[in-house]
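Residue numbers (this note's numbering), protein chains in the order written: chain A, 1053 to 1224; chain B, 128 to 226; chain C, 2 to 402.
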Amino acid sequence: MEFTLKTFIFYGFALMTIASALAVVTVRNIVHAAFALMVTLFGVAGLYVFLQADFLAATQVIVYVGGILVLILFGVMMTSGRLEMRIHIERGQLLLGGGISLALLMLLLTVIANTPIWKNLTDDGTQLAPTTERIGQLILNEKFLLPFEVVSVLLLVALIGAALISRKEVRD
Amino acid sequence: MALQYYLILSALLFTIGVIGVLVRRNAIIIFMCIELMLNAANLAFVAISRNLGTAEGQLFVFFVMAVAAAEVAIGLAIIVSVFKHRETINVDEVNSLKG
Amino acid sequence: MEINLLEQIVIPIIKILFIAHLLIIGVMAMIWSERRVSGWMQDRLGPNRVGPQGLLQPIADGIKFLFKEDLIPNHVDKPLYVLAPAMLLVPAMITIAVVPFGSSITIPGLENPILLQIADINIGILFILAITSLGVYGVVIGAWASNNKYSLLGGLRSSAQMISYELTLGLAIIGVLMLSSSLSLRTIAVEQGAYPWKWNFLIHFPAFLAFTTAMFAETNRLPFDLAEAEQELVAGYHTEYSSMKFAIFFMAEYMNMIVGSAVVVTLFLGGWHFFGLENVGGEGSILAGLISFAIFFIKTGIFLFVFIWVRWTLPRFRYDQLMNFGWKFLLPVTLTSIVVTGTLWVVVKENKQLWIGIGNVVAAFIVVAIVAGMLAMDNNSKSAVQSTPAAAPLRGLDAVE
């Protein structure tokens, strides 16, 4: 494989994503883990840009990094005092979990290796970006309008549910 | 850059997420690992969408993100209220239905 | 792919350097004018000793910060503690990359006209929203890494505040996007044209107010500076920071103000356009480019003055007031604005902008009246049951407990 600037950047993002994902799982301090997750999410956003999904890359940063992860950090700070931040991993669980995960990885890799329909992505000349208009059209056509509305209702339900669970019980 | 590279990356990311869910016992870390797995799935969606030259796959990622946001809102509300009752968020210690 | 060295590398680098330095000089100018304008508003002088009119005061301050001992307390989480100021400064700086600060200049011999903008990307607004949402991390991480209760309280307050007001920030611009049908800031500015009655702040007046308010909240300025309320939290999230690290927090705040003003000017106040000056020098000439830049600069400056003005006009919100205001007033107003804009766009056949402008204001009044009425009823029924009103001010702390 020829080594161009694009492959170099791809490997950079891939390395960043995988390394920080490993850090999320292995780091003992929970805030450090959240920070590592932020790097992972950024890496994935970078890969989206690479795959010509510019709208999704921005959405990824807005929703995941700007929303979900801040909520998680908020949860961390509300549920653990400074001293309880460190947590330990049991050896038995590590072996069992690692074994199962490795088997899963092997399975996934076998599937990928045995599905030979893929073409080379860089040189085929398909232009997807800018995708904003295309996604907008898709959401509002007859195929995806219903799922879109259902998702919005789901979000509303989640909003109300979260408010209901976390509010203080009113005693009267 | 062939599609396989993205899919292998996605598989690795997913596996790391699975390891985290199976091994770690802190509810919030488990949460983060679920986000890792969702991101791995999203990456595969986008890569295949690019491969097919359509934007439908990206639309699914959009939906996944919405569901992930809903999941985090509810999940954290539950975790915080569990913490208020039990003073712990270790999933092994939260094992009885009675509050 | 052939790379044109001059057009694709040299000119962008010049633009980036120019804007980055302009930002830093702008921060210094803001520090000076903040203190002088504050002095003027309070009928005192303000710093006037260093240089003419005290103009060199920011430089003296900067030198002082640089030469102070850079203290890292023992109890902090060192890597995150060091990283936090940078995590606040970097988002503040890179947002400016997509903001157009003038029209374009045609230089003979070059193929394309030079846009007075670092990068005209077609998801410009999303980029800005994405990057501003990163600003929270500097505050939260800095607060947590400081390992100090006051810092943590300040950080939690500000993260809750920023998440809440980011929603308003995002929803307020949707009406603008619907009319200009583009996410690129340059297109939005061009669509508004030169005449003030066609600018978005009249068409989307409630959204404009909501966006500006949310901008104040995002920059942690008074009346929304609960994250660093001196009387309550020492200095909030930057209590444990000293020397240049503290100065970086400060610089980031001012940069956010400048970039925020530039974004407001682009989205709602017509960008670099002004009537009477749109045809001076002819399309693409250097003179026209300079005039457009000057107009943008002046508009941003006026908006920055408003920042300082508001600071000495409004007192700080209480925490529950802040949350109520964001969720119960701004959010419904922006949501209705979207619905009204969309409906009128389809229903009205001529003079669309006029009717959308009127409809938005009327709808906003109705929404505010309804919400205020509901809150008043709620309060009445509560005070009838509860005889202890002292419990009310404490409610704001619930969110951080």
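Cβ coordinates follow ideal geometry from the N, Cα and C atoms, glycine included.
With DSSP as the reference, label residue i as helix, strand or coil.
| i | result |
| --- | --- |
| C:L116 | strand |
| C:I64 | helix |
| C:N380 | helix |
| B:N217 | strand |
| C:P333 | helix |
| C:W356 | helix |
| C:K16 | helix |
| B:N153 | strand |
| C:Q162 | helix |
| C:I299 | helix |
| C:E35 | helix |
| C:K350 | coil |
| C:L157 | helix |
| A:L1057 | helix |
| C:E402 | Low confidence applies to C:E402: its pLDDT is 37, below 50, so where it sits in the model is not reliable enough to give any reading. |
| A:M1137 | Per-residue confidence for A:M1137 stands at a pLDDT of 49, beneath the threshold of 50, marking its modelled position as unreliable; the derived number appears in the next sentence. Three-state result, A:M1137: helix. |
| C:E192 | helix |
| A:E1194 | coil |
| A:N1081 | coil |
| C:G397 | Interpretation of C:G397 is limited by its pLDDT of 41, a score under 50 that renders its predicted location unreliable; the figure taken from the coordinates is listed afterwards. Three-state DSSP puts C:G397 in a helix. |
| C:L56 | coil |
| A:Q1189 | helix |
| C:F318 | coil |
| C:I124 | coil |
| C:L72 | coil |
| A:L1206 | helix |
| A:L1067 | helix |
| C:T342 | helix |
Based on DSSP bridge pairs, tell me the residues matched to residue i.
| i | result |
| --- | --- |
| C:S134 | DSSP lists no partner for C:S134. |
| C:S105 | C:L116 |
Output, in chain order, the set of chain C residues within a Cβ distance shorter than 7 Å of residue i.
| i | result |
| --- | --- |
| A:M1234 | Look at the range of chain A in this structure, 1053 to 1224, and you will see that residue 1234 of chain A is not part of it. |
Interface residues of chain C around residue i at Cβ under 8 Å?
| i | result |
| --- | --- |
| A:G1110 | First, the amino acid is wrong: residue 1110 of chain A is Ala here, not Gly. Within 8 Å Cβ-Cβ: I124, L127, F128, L130, A131. |
| A:F1107 | I124, L127 |
Can you list the residues of chain B that residue i reaches, using a CB-CB cut of under 7 Å?
| i | result |
| --- | --- |
| A:L1196 | The displayed chain sequence assigns Phe, not Leu, to residue 1196 of chain A. Result: L186. |
| A:R1186 | A182 |
| A:Y1191 | Reading the sequence as shown, one finds Ile at residue 1191 of chain A and not Tyr. Chain B residues near A:I1191: L186. |
| A:T1183 | A182, Q185 |
| A:G1149 | I146, L149, V150 |
Against residue i, what residues of chain A qualify as contacts under a CB-to-CB distance less than 7 Å, listed in chain order?
| i | result |
| --- | --- |
| C:V177 | Under the 7 Å cutoff, chain A gives no residues; its nearest Cβ is about 15 Å from C:V177. |
| C:W145 | V1083, M1129 |
| B:V221 | The contacting residues do not exist; B:V221 stays about 12 Å from chain A at best. |
At a CB-CB cut-off below 9 Å, which residues of chain A make contact with residue i?
| i | result |
| --- | --- |
| C:S338 | Result: empty, since nearest Cβ-Cβ is about 18 Å, beyond 9 Å. |
Residue i versus chain C: which residues are under 9 Å apart at the beta carbon?
| i | result |
| --- | --- |
| A:I1114 | L127, L130, A131, S134, E167, G171 |
| A:V1117 | A131, S134, L135, Y138 |
| A:F1126 | V141, L157, S160, A161, I164 |
Just checking my contact of residue i with residue j at CB under 8 Å: how many whole Å lie between their CB atoms?
| i | j | result |
| --- | --- | --- |
| C:W356 | C:M42 | No, C:W356 and C:M42 are not in contact; Cβ-Cβ is about 39 Å, not under 8 Å. |
| A:F1196 | B:L186 | 6 Å |
| A:L1093 | A:V1117 | 5 Å |
| C:M88 | C:G139 | 4 Å |
| C:G27 | C:I299 | No, C:G27 and C:I299 are not in contact; Cβ-Cβ is about 13 Å, not under 8 Å. |
| A:I1187 | A:F1126 | Not a contact, Cβ separation roughly 30 Å. |
| A:S1153 | B:V145 | 5 Å |
So with CB distances below 8 Å, who are the chain A contacts of residue i?
| i | result |
| --- | --- |
| C:A345 | Per the sequence presented here, residue 345 of chain C reads as Leu, with Ala not at that position. Ordered by position in chain A, no residue passes the 8 Å Cβ test against C:L345, which lies about 19 Å from the chain. |
| C:L81 | V1083, H1084, F1087 |
| C:L153 | M1129 |
| B:M192 | T1111, Q1112, V1115, Y1116 |
Name the chain B residues whose beta carbon is nearer than 9 Å to that of residue i?
| i | result |
| --- | --- |
| A:L1057 | Chain B residues near A:L1057: none, gap ~12 Å exceeds 9 Å. |
| A:A1071 | Within 9 Å Cβ-Cβ: nothing; A:A1071 doesn't reach chain B, min ~10 Å. |
| A:G1213 | A197, A200, I201, A204 |
Is residue i near the ligand MN - that is, is its Cβ less than 6 Å away from at least one heavy atom of it?
| i | result |
| --- | --- |
| C:A93 | The ligand content of the structure shown is nil, which means the ligand MN is not present either. |
Using 8 Å as the threshold, is the region 85-96 of chain C in touch with the region 1071-1080 of chain A, meaning 3 or more CB pairs across them?
no
Should the region 198-208 of chain B be regarded as contacting the region 141-158 of chain B, the criterion being three or more beta carbon pairs within less than 8 Å?
yes
State whether the region 259-275 of chain C contacts the region 197-217 of chain C, with contact taken as three or more CB pairs (one from each stretch) at a distance under 8 Å.
yes
Does the contact criterion of 3 or more C-beta pairs under 8 Å hold for the region 302-317 of chain C versus the region 28-41 of chain C?
Judged by Cβ distances under 8 Å, the region 302-317 of chain C makes contact with the region 28-41 of chain C, as three or more pairs qualify.
Assess, as a yes-or-no matter, whether the region 122-138 of chain C is touched by the region 275-293 of chain C under the definition of 3 or more beta carbon pairs within less than 8 Å.
no
Would you be able to state if there are at least three C-beta pairs under 8 Å between the region 65-74 of chain C and the region 335-347 of chain C?
no
Touch check for the region 131-146 of chain C and the region 101-110 of chain C: three-plus C-beta pairs under 8 Å?
no
Would you check if the region 167-183 of chain B and the region 207-219 of chain B touch, i.e. whether three or more CB-CB distances between them fall below 8 Å?
With a cut-off of 8 Å, the region 167-183 of chain B and the region 207-219 of chain B do not count as touching, because too few Cβ pairs lie within range.
With a cut-off of 8 Å, do at least 3 Cβ pairs link the region 192-201 of chain B to the region 1110-1129 of chain A?
yes
Taking 8 Å as the threshold, find out whether the region 319-334 of chain C comes into contact with the region 145-165 of chain C through three or more Cβ pairs.
yes
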